[in-house]
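So the structure is just underneath, and the comments pick up after that.
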Amino acid sequence: MGSRRSFLQSCSCPLSLFVVVVALAAPSADGSRAARVPCYFIFGDSLYDSGNNNNLNTSVKVNYSPYGIDFPAGPTGRFSNGRTAADIIGETLGFKDFIPPFASNPDDRQILVGVNYASGSAGILVQSGKQGGDNVDLSKQLRNHKVTVSRIVKKLGSKKAAFEHLGQCLYICNMGNNDYINNYILPQSTAIRSQYNPAQFAALLVARYSAQIKRMYELGARKVALAGISNIGCTPSLIATVGTNGAPCVTSVNQLVAPFNIGLKSLISQLKSAHPDAKFGYLDTIRAVFAEFKVRTTPCCQVSTVTGLCLPNTVPCSQRQSYLFWDAFHPTELANRLGAPILLPVIQRIL
């Protein structure tokens, strides 16, 4: 397999990326980077998962080679060759260590800095993604966070002290992708499609998500960034299975998820009005970085025709800086890095 080259060795990156990094991670008095926020909590699906699926009874886990070929610790359960978008945001904010997954049983010192609850194939709805086995859906992720909050209350001595601390943290959540990919648009999901048309399904998701984000607020969250659904019709998996009729992506799928993003923006406006003591931001993942890559619709690794994940112990492409997608669903580390300048200004505004 290829060597573990650093990002800076292999990337010809736009200056904007580094401008944003410098702006968010300010130097401290001794010249080292100081984190802009004291803590960082991560919720989501495989785009943010850092190992929570490793010990679950599921085919949707990636704690094996070639995953992690460019990650310092190798294959940890991240669905990429290297860092996830959540990792890169954490680094940019000045966190010295990666935020640990909840499944790793982080200690009392670690939970004060943050926990990653994200789970591959998870969705807003409990049933989403379950055809591949178990996952940690968003409601369960919030229950896990409640456990963490209880530990923080005990550690800091009072609920007041704990919530003062939590109110300074960044909360980021990426959800909804699997409610479509691994639920609504599955060939076998005829029942849910007959029950809900696309607009009704988007409304169902937003209503459920609203209750979940309000629960996050009740548990102390005051700085919350919510990611919209990306152009999932541009993933190699959907392009291969559905076809594009000559278009760059599966236009019908991208149009299908658009009402969810519209509804999420409206929800964020409502949350801002209802909770003036908190800040909420919308992370626009639609603004793609396609033009930066020579290979945009083919995965870098050899993938399973069943799961779309890399086949274990296979040799991936050597020119990973040329590939947008690592496997049939997930971006390469470089794609995550080039997408960061799109997301970080929103995060900066809510800090």
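Residues -31 to -1, 1 to 320 in mature numbering (1 follows the signal peptide of the UniProt record, and there is no 0) are what the sequence shown lists, from first letter to last.
Don't be surprised by glycine CBs; every beta carbon is placed ideally from N, CA and C.
Let me know the secondary structure DSSP gives Thr61 once reduced to three states.
As a first step, residue 61 must be located in the sequence shown, where it is residue number 92. Helix.
Please report the Cβ distance between Tyr140 and Lys192, rounded to the nearest whole angstrom; I am assuming they are in contact, meaning their Cβ atoms lie under 8 angstroms.
One-based indexing of the sequence shown puts residue 140 at position 171. One-based indexing of the sequence shown puts residue 192 at position 223. The pair is a contact, with the Cβ atoms about 6 angstroms apart (cut-off 8 angstroms).
With a threshold of 6 angstroms on Cβ separation, who are the neighbours of Thr178 within its own chain once the five nearest residues in sequence on each side are excluded?
By one-based count along the sequence shown, residue 178 stands at place 209. One detail in the question is off: residue 178 reads as Tyr in this sequence, not Thr. Excluding positions up to five away in sequence, the list reads Ile93.
Within the same chain, show all residues whose beta-carbon is closer than 7 angstroms to that of Leu320, passing over the 5 residues directly before and after it, in chain order.
One-based indexing of the sequence shown puts residue 320 at position 351. Within the same chain, Leu320 has close Cβ partners Arg5, Val6, Leu139, Lys192.
Alpha helix (DSSP H) containing Phe262: first to last residue?
Within the sequence shown, residue 262 is the residue found at index 293, counting from 1. Where Phe262 is concerned, there is no enclosing alpha helix (DSSP H), given that its DSSP letter is neither H nor E.
Could you give the distance in angstroms between the alpha-carbon of Asn223 and the alpha-carbon of Arg78?
Here residue 223 is taken as the residue at index 254 of the sequence shown, counted from 1. Here residue 78 is taken as the residue at index 109 of the sequence shown, counted from 1. Looking at the two C-alpha atoms, the distance is approximately 42 angstroms.
Can you give me the start and stop residues for the alpha helix (DSSP H) that Ala243 sits inside?
Indexing the sequence shown from 1 puts residue 243 at position 274. From DSSP, the alpha helix (DSSP H) with Ala243 extends over 220 to 243.
Rounded C-beta distance between Ile198 and Asn230? I'm assuming under 8 angstroms.
As a first step, residue 198 must be located in the sequence shown, where it is residue number 229. As a first step, residue 230 must be located in the sequence shown, where it is residue number 261. So it is a contact: roughly 6 angstroms between Cβ atoms.
Does the distance from the C-beta atom of Asn305 to that of Thr53 stay below 8 angstroms?
For the purposes of this step, residue 305 is taken as residue 336 along the sequence shown, with counting starting at 1. For the purposes of this step, residue 53 is taken as residue 84 along the sequence shown, with counting starting at 1. Cβ distance < 8 angstroms, so Asn305 and Thr53 count as in contact.
Lys30 to Pro281, Cα distance in whole Å?
Walking along the sequence shown from the start, residue 30 turns up at place 61. Walking along the sequence shown from the start, residue 281 turns up at place 312. Rounded to the nearest angstrom, the two C-alpha atoms are 11 angstroms apart.
Please state whether the Cβ-Cβ distance between Gly43 and Gly51 is less than 8 angstroms.
Sequence index remark: in the sequence shown, residue 43 carries index 74 (1-based). Sequence index remark: in the sequence shown, residue 51 carries index 82 (1-based). Going by C-beta atoms, Gly43 is not nearer than 8 angstroms to Gly51.
Between the alpha carbons of Ala172 and Tyr165, how many angstroms are there, rounded?
As a working mapping, residue 172 is identified with position 203 in the sequence shown. As a working mapping, residue 165 is identified with position 196 in the sequence shown. Distance between the alpha carbons of Ala172 and Tyr165: 9 angstroms.
Does the distance from the CB of Tyr17 to the CB of Ala87 come in under 8 angstroms?
The sequence position of residue 17 within the sequence shown is 48, counting from 1. The sequence position of residue 87 within the sequence shown is 118, counting from 1. In contact: Tyr17 and Ala87 (Cβ atoms closer than 8 angstroms).
Could you confirm whether any beta carbon from chain B is found closer than 8 angstroms to the beta carbon of Gly197?
Of the protein chains in this structure there is only one, and it is not chain B.
Below 8 angstroms between beta carbons: does that hold for Pro300 and Ser19?
By 1-based counting over the sequence shown, the position of residue 300 is 331. By 1-based counting over the sequence shown, the position of residue 19 is 50. Their beta carbons are not under 8 angstroms apart, which means Pro300 does not touch Ser19 by this criterion.
For the region 113 to 130 against the region 144 to 159, are there 3 or more C-beta pairs whose distance is under 8 angstroms?
Output reads no: the region 144 to 159 does not touch the region 113 to 130.
Just the C-alpha distance for Cys142 and Pro314, rounded to the nearest angstrom, thanks.
As a first step, residue 142 must be located in the sequence shown, where it is residue number 173. As a first step, residue 314 must be located in the sequence shown, where it is residue number 345. The alpha-carbon atoms of Cys142 and Pro314 are separated by roughly 16 angstroms.
List the residues that DSSP assigns as beta-bridge partners of Tyr292.
Here residue 292 refers to the residue found at position 323 of the sequence shown. Answer by DSSP bridge pairing, in chain order: Val264.
Between the region 280 to 298 and the region 234 to 245, do three or more beta carbon pairs fall short of 8 angstroms?
The region 280 to 298 vs the region 234 to 245: no contact.
Fully enclosed by the region 93 to 154, which beta strand (DSSP E) runs are 3 residues long or longer?
Whole beta strand (DSSP E) segments, 3+ residues: 139 to 143.
In terms of alpha-carbon separation, which member of Gly189, Arg112, Asn24, Val95 lies closest to His134?
The sequence position of residue 134 within the sequence shown is 165, counting from 1. Closest by alpha carbon: Gly189.
Select from Arg47, Cys8, Leu307 the residue whose C-alpha is nearest the C-alpha of Phe298.
Locating residue 298 in the sequence shown gives position 329, counting from the first residue. If we check each option's Cα against that of Phe298, Arg47 comes out closest.
Note down, in chain order, each residue of its chain lying with its Cβ closer than 7 angstroms to the Cβ of Leu278, except the 5 sequence neighbours on either side.
Position 309 of the sequence shown holds residue 278. So the qualifying residues of the chain are Val31, Val272, Asp296.
Just verifying my parser: in three-state terms, what is the DSSP assignment at Tyr186?
Along the sequence shown, one-based indexing puts residue 186 at 217. Tyr186 falls in the helix class under three-state DSSP.
Pull up the distance between the alpha-carbon of Phe170 and that of Leu195, whole angstroms please.
Sequence index remark: in the sequence shown, residue 170 carries index 201 (1-based). Sequence index remark: in the sequence shown, residue 195 carries index 226 (1-based). So the two alpha carbons sit approximately 19 angstroms from each other.
Over the uninterrupted beta strand (DSSP E) stretch that includes Leu252, give me the two end residues.
Within the sequence shown, the letter at position 283 stands for residue 252. Residues 248 to 252.
Around the C-beta of Pro41, are 16 or more other C-beta atoms found within 10 angstroms, so that it is buried, or is it exposed?
Here residue 41 corresponds to residue number 72 of the sequence shown, with the count starting at 1. Under this definition Pro41 is an exposed residue.
Would you report the Cα separation of Pro70 and Thr27, rounded to the nearest angstrom?
Within the sequence shown, numbered from 1, the residue matching residue 70 stands at position 101. Within the sequence shown, numbered from 1, the residue matching residue 27 stands at position 58. One C-alpha to the other measures close to 17 angstroms.
Can you tell me which of the three DSSP states Ala4 falls into?
Along the sequence shown, one-based indexing puts residue 4 at 35. In this structure, Ala4 counts as coil in the three-state DSSP scheme.
Taking Lys129 as the reference, which of Ser97, Glu187, Ile150, Asp253 has the closest Cα?
To locate residue 129, count along the sequence shown from 1; it is residue 160. Residue Glu187 is the option with its Cα nearest to Lys129.
Excluding the five sequence neighbours on either side, which residues of its own chain have a C-beta within less than 7 angstroms of the C-beta of Gln96, listed in chain order?
One-based indexing of the sequence shown puts residue 96 at position 127. Result list for Gln96: Asn152, in chain order.
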